[in-house]
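Here's the structure we're looking at; comments come further down.
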Amino acid sequence: MKFATQLVHFDPSPGDPKRPMATPIYQTATFDQVHADSFGEYDYSRSGNPTRRVLEDQMARLEGGSRGFAFSSGMAAISTITSLLKSGDEIVADWDLYGGTSRLFAKVLSRSGIAVRYVDATNLKSVAEQITPATRLIFVESPTNPLLRVLDLAAIAEIADKGSILFCVDSSTMSPYLQNPLALGADIVVHSATKFLCGHSDVTGGVVVVKDDILGKEIQFLQNAQGNALGPFDSFLLLRGLKTLKLRLDAQQKNAVKIADFLAAHAKVNAVYYPGLPSHSGYDAQTKQARGGGAVVGFTVGSTAAAKRIAENTKLFKIAVSFGSVNSTISIPYVMSHASVPAEDRSTRGIPQDLLRLSVGVEDAEDLIADLEEQLDGLV
Amino acid sequence: MPEQKDFQPSTLVIHSNRVYENQSNSILFPIHQTATYIHESVGVTKGYGYSRGANPTVNALEQAIAAVEGTETALCFRSGMAAISTLCLALLKAGDHVVLSDVLYGGTSRLFHQVLGNFGIEYSFADTADVAAVEQSLQPNTRLIFIETPANPTMKLTDVKALADLAHSRENVLLAVDNTFLTPLLQNCLDLGADISMLSTTKYIDGHNATIGGSLATHNEALVERLRLVRKTLGTIQAPFDSWLALQGIKTLPARLAMHCAHAGELAKWLENHPRVARVYYPGLDSFPQKALAEKQQKAFGGMLAFELNANTEDSLHFINALKLATCAESLGSVETLITNPATASHCDLTPEVRARLGITDHLIRLSVGLEAPKDLIADFEQAFAVVFGAEG
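Order-wise, the sequence lines are chains A and B. The first sequence: position 33 = 170 (the working numbering), numbered continuously. The second sequence: position 239 = 754 (the working numbering), numbered continuously.
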């Protein structure tokens with residue numbers, strides 16, 4: 138079955154004799170046990186909920202994994218994965234990470250005795266060099282946020298496999314439509330479901346899909362123990378948004394390519410970061426492992442003041458954190474999504490202060506380009 | 516007219532936290548079902564940037580809970596367990612030690628045994644009903660005493676004020692109380708001296724079994740800031756829709772609690788006088804050994820009780836199965852009467868030896884008394900006794 142068909146053909150209401158096309162919202166905390174000393178399939182919504190389960194199964198199917206899990210946020214999903222670790226374990230991570238993930242590593246995990254070794258994971262040799270007997274997890278994003286660097290996921294998976302190390306890919310910038318890390322050899326794929334999976338900025342959520350059953354049982358245990366699963370109503374909204382993932386992303390990616398081309402040709406733009414541009418350093422790797430460059434585009438304009446001016450004056454691109462929605466948004470990662478990265482790291486990590494990040498929506502490309510053009514032309 | 520802070524509980528839950536919605540003058544606060552917010556300019560928001568950090572509807576619930584807790588700020592979480600795990604990861608680091616009530620919700624013990632323990636957090640259990648035993652279990656690296664009172668499921672009480680005094684006689688030791696069984700309206704733990712009051716809002720705050728949620732309240736503003744940061748980092752904040760549902764639930768909290776307490780009192784007395792019942796654990800009964808402590812620190816005796824039948828485990832489970840109005844289900848504090856066998860449900864993760872030591876026998880039955888008429892509940896119990904033990908009950 139092709140992806141577009143998979144998105145809408147699944148059992149929306151397992152076991153429901155009324156056969157609704159939309160998944161019922163089981164807005165309940167608990168379930169009648171039937172027997173005093175044994176439970177049915179569901180006992181308490183923290184550990185399992187029928188609405189959430191439909192979403193979790195659908196995500197497992199779309200990512201080609203054995204089991205999916207939905208969490209209250211992408212960060213809840215990531216912190217559940219890092220809860221697989223214990224004091225003394227180490228993580229090897231690519232240095233270009235979402236600010237919230239860096240904060241989790243620096244402000245919470247470090248206190249639990251879990252150390253993180255940051256590497257430039259585009260350099261496979263340096264990944265291998267940072268691995269020690271204590272390494273339990275390799276954690277990367279690809280394309281990375283916000284610089285949209287492309288990592289060779291299959292090659293990193295090989296390194297992880299050799300050391301029996303878990304390999305987790307945050308694939309939020311791609312979604313299962315454009316990239317399937319499990320097929321490339323990752324053990325775990327994680328998404329901020331707030332982004333493309335939801336697509337409408339109406340849900341904060343996260344998704345984890347694992348390849349291996351035993352790992353699935355460990356994640357299921359933690360989801361219940363830490364109590365950070367997604368609620369039934371939000372699961373319903375996500376299931377609804379997910380059905381149009383391909384339609385949305387086709388439109389968004391098409392717009393993103395046009396905008397990247399426009400920006401690359403504009404005299405006031407210094408650099409364009411978009412893995413769908415043949416001139417991008419990661420273009421070949423991206424073409425090999427994904428089905429397009431996505432809908433997040435970065436570009437620099439020479440100064441923070443110019444970046445601010447553009448962000449504050451575009452009319453269709455609203456200033457907001459997050460990405461992946463039907464609405465186009467604009468942000469300055471250095472002072473917004475990545476402000477939680479310590480200042481010295483932001484510079485050494487090479488996040489330019491004049492970097493603008495666009496999340497391209499489904500509006501008409503001509504309107505979006507005209508909006509950017511007016512502001513770029515106006516720069517002195 | 517009294518100051519807002521002096522409102523009676525039933526006024527407090529409706530008016531002291533009411534947020535006026537200026538767009539439409541809607542009586543109910545809107546559901547801000549949004550992940551993100553439009554910034555007015557770079558770095559300038561109206562206090563909301565991303566719903567993982569804060570959300571207006573979640574904040575409305577937080578104000579309502581803060582009002583009943585008698586604090587400035589409360590924080591809401593995806594579940595009671597998310598509240599406890601966020602609290603622990605915010606406060607503790609590898610090498611720190613926690614003293615826990617020996618009788619404790621199974622999910623809390625599981626969190627320490629199987630998650631926080633891996634992060635190098637040390638813990639030990641103490642009979643917190645005995646202040647001297649708690650004092651003996653304190654270590655130089657103890658940072659937190661975490662108790663439940665009444666404890667789930669045996670109803671054992673802990674003297675909150677005595678433990679607060681003990682914690683504060685040491686440097687850097689905080690007292691947190693899981694106050695889920697009573698809520699701040701029946702037992703204000705912060706007034707009794709605790710540093711942190713924790714609630715599973717799934718229970719009495721929501722009251723309708725509609726949501727899973729948790730909350731933390733404290734007078735310690737520095738702790739609030741740390742909790743906000745760690746909650747944003749772990750992504751454990753409550754969702755807008757679930758907050759809105761709980762916000763409707765809390766408006767009837769005082770009315771519901773009054774009924775829960777009255778019905779539980781009536782059922783406890785009836786059970787105690789029934790020949791098939793061996794023992795009833797309810798702080799309002801004269802037979803309850805810690806009744807004086809309940810009268811000292813509680814405003815009422817609550818809606819929870821536990822009992823044992825003059826019967827083996829098999830017949831006790833059969834009795835639960837035979838009930839028609841009382842539903843066998845996990846959770847508590849809802850309008851529906853819920854009944855469980857803790858040994859196979861909430862406390863199934865404890866070893867049989869530990870359960871036996873703590874008085875959580877295999878045939879112990881926990882009852883969350885709902886809002887059905889006590890007469891109907893008693894009739895339901897009568898028919899279940901007849902099913903299990905024959906016509907003579």
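Where a beta carbon is used, it is the ideal one built from N, C-alpha and C, also for glycine. Bear in mind the structure is a predicted one, so any value in this text is a computation, not a measurement.
**OP:** Please go through the segment 803–867 of chain B and give each complete beta strand (DSSP E) segment of 3 or more residues, from N-terminal end onward.
**Re:** 819–824, 853–855
Original post:
How many Å lie between B:A550 and B:I854 at the Cα?
Top reply: 38 Å
**OP:** Round the Cβ separation of B:A858 and B:A899 to the nearest angstrom and send it over; I've been treating them as touching at under 8 Å.
**Re:** In fact, because the Cβ distance is near 19 Å, the residues do not count as touching under 8 Å.
Original post:
Between A:R273 and A:K299, what straight-line distance do the alpha-carbon atoms span, to the nearest angstrom?
Top reply: 12 Å
**OP:** Let me know if B:Q538 comes out buried or exposed under the rule of 16 or more other beta-carbons within 10 Å of its beta-carbon.
**Re:** exposed
Original post:
Between the segment 682–713 of chain B and chain A, which residues of the former have CB atoms less than 8 Å from a CB of the latter, in chain order?
Top reply: none
Original post:
Taking all protein chains shown into account, do 16 or more other C-beta atoms lie within 10 angstroms of the C-beta of A:G152, making it buried, or fewer, making it exposed?
Top reply: exposed
Original post:
Can you tell me whether DSSP reads A:T167 as helix, strand or coil?
Top reply: strand
**OP:** With 7 Å as the threshold, decide whether the Cβ of B:D973 is near any Cβ in chain A.
**Re:** Limits of chain B in this structure are 516 at one end and 908 at the other, which puts residue 973 of chain B out of reach.
Original post:
What is the rounded straight-line gap between the Cα of B:L590 and the Cα of B:R743?
Top reply: 8 Å
Original post:
Counting pairs of beta carbons, one from the segment 245–252 of chain A and one from the segment 216–230 of chain A, are three or more of them closer than 8 Å?
Top reply: yes
Subject >> Interface residues of chain A facing B:Y552 [CB-CB closer than 7 Å] >> reply: A457
**OP:** Look at A:G334 and A:L374 and say whether their C-beta atoms are less than 7 Å apart.
**Re:** According to the sequence shown, residue 334 of chain A is Leu rather than Gly. No.
Subject >> Chain-ordered chain B contacts of A:F573 [CB-CB under 7 Å] >> reply: No answer is possible for residue 573 of chain A: the residues shown for chain A start at 138 and end at 517.
**OP:** Taking only the alpha-carbon atoms, compute the straight-line gap between B:N570 and B:K561 and give it to the nearest angstrom.
**Re:** 11 Å
**OP:** Would you mind telling me which residues of chain A sit closer than 9 Å to B:T866, beta carbon to beta carbon, in chain order?
**Re:** Within chain A, no residue comes near B:T866; the closest Cβ sits about 17 Å away, beyond 9 Å.
Subject >> Positions along the segment 361–389 of chain A whose CB lies within less than 9 Å of some CB in chain B >> reply: N361, A362, Q363, G364, N365, A366, L367, G368, P369, F370, D371, L374
Original post:
Are the C-beta of A:S312 and some C-beta of chain B separated by less than 7 Å?
Top reply: no
Original post:
So, are the CB atoms of B:V850 and B:H723 less than 7 Å apart?
Top reply: yes
Original post:
Using 7 Å as the limit for Cβ to Cβ distance, is B:Q898 near chain A?
Top reply: no
Original post:
Do you know offhand how far A:G237's Cα is from B:C603's?
Top reply: 19 Å
Subject >> As assigned by DSSP and simplified to three states, the class of B:C776 >> reply: helix
Original post:
Name the DSSP bridge partner or partners of B:C591?
Top reply: B:S730
Original post:
CB-CB under 8 Å to B:N687, same chain, minus the five flanking residues each way: which ones, in chain order?
Top reply: R658
Original post:
Fully enclosed by the segment 167–234 of chain A, which alpha helix (DSSP H) runs are 4 residues long or longer?
Top reply: 187–200, 211–219
**OP:** Leaving aside the five residues before and after A:I218 along the sequence, list all residues of the same chain whose C-beta is less than 7 Å from its C-beta, in chain order.
**Re:** C305, I325, V327, V345
Subject >> Contacts of A:A271 in chain B (Cβ-Cβ under 9 Å) >> reply: In chain order: nothing, as chain B lies at least about 14 Å away.
Original post:
Does the beta carbon of A:D180 come closer than 7 Å to any beta carbon on chain B?
Top reply: yes
Subject >> CB contact flag (B:T751, B:A581, <7 Å) >> reply: no
Original post:
What are the start and end residues of the alpha helix (DSSP H) that includes B:Y796?
Top reply: B:Y796 -> not in any alpha helix (DSSP H); beta strand (DSSP E) instead, spanning 792–796.
Original post:
If we count the other Cβ atoms within 10 Å of its Cβ and call it buried at 16 or more, is A:G177 buried or exposed?
Top reply: exposed
**OP:** With 7 Å as the threshold, decide whether the Cβ of B:T859 is near any Cβ in chain A.
**Re:** yes
**OP:** Have a look at B:T669 and B:A821 and give me their C-alpha separation to the nearest angstrom.
**Re:** 6 Å
Original post:
From A:G430 to A:Q423, what does the alpha carbon distance come to, in whole angstroms?
Top reply: 7 Å
Original post:
Using a beta-carbon distance below 7 Å, is B:Y797 in contact with chain A?
Top reply: no
**OP:** List the residues of chain A whose Cβ lies closer than 7 Å to the Cβ of B:V850, in chain order.
**Re:** Correct list: empty, because the minimum Cβ distance to chain A is about 12 Å.
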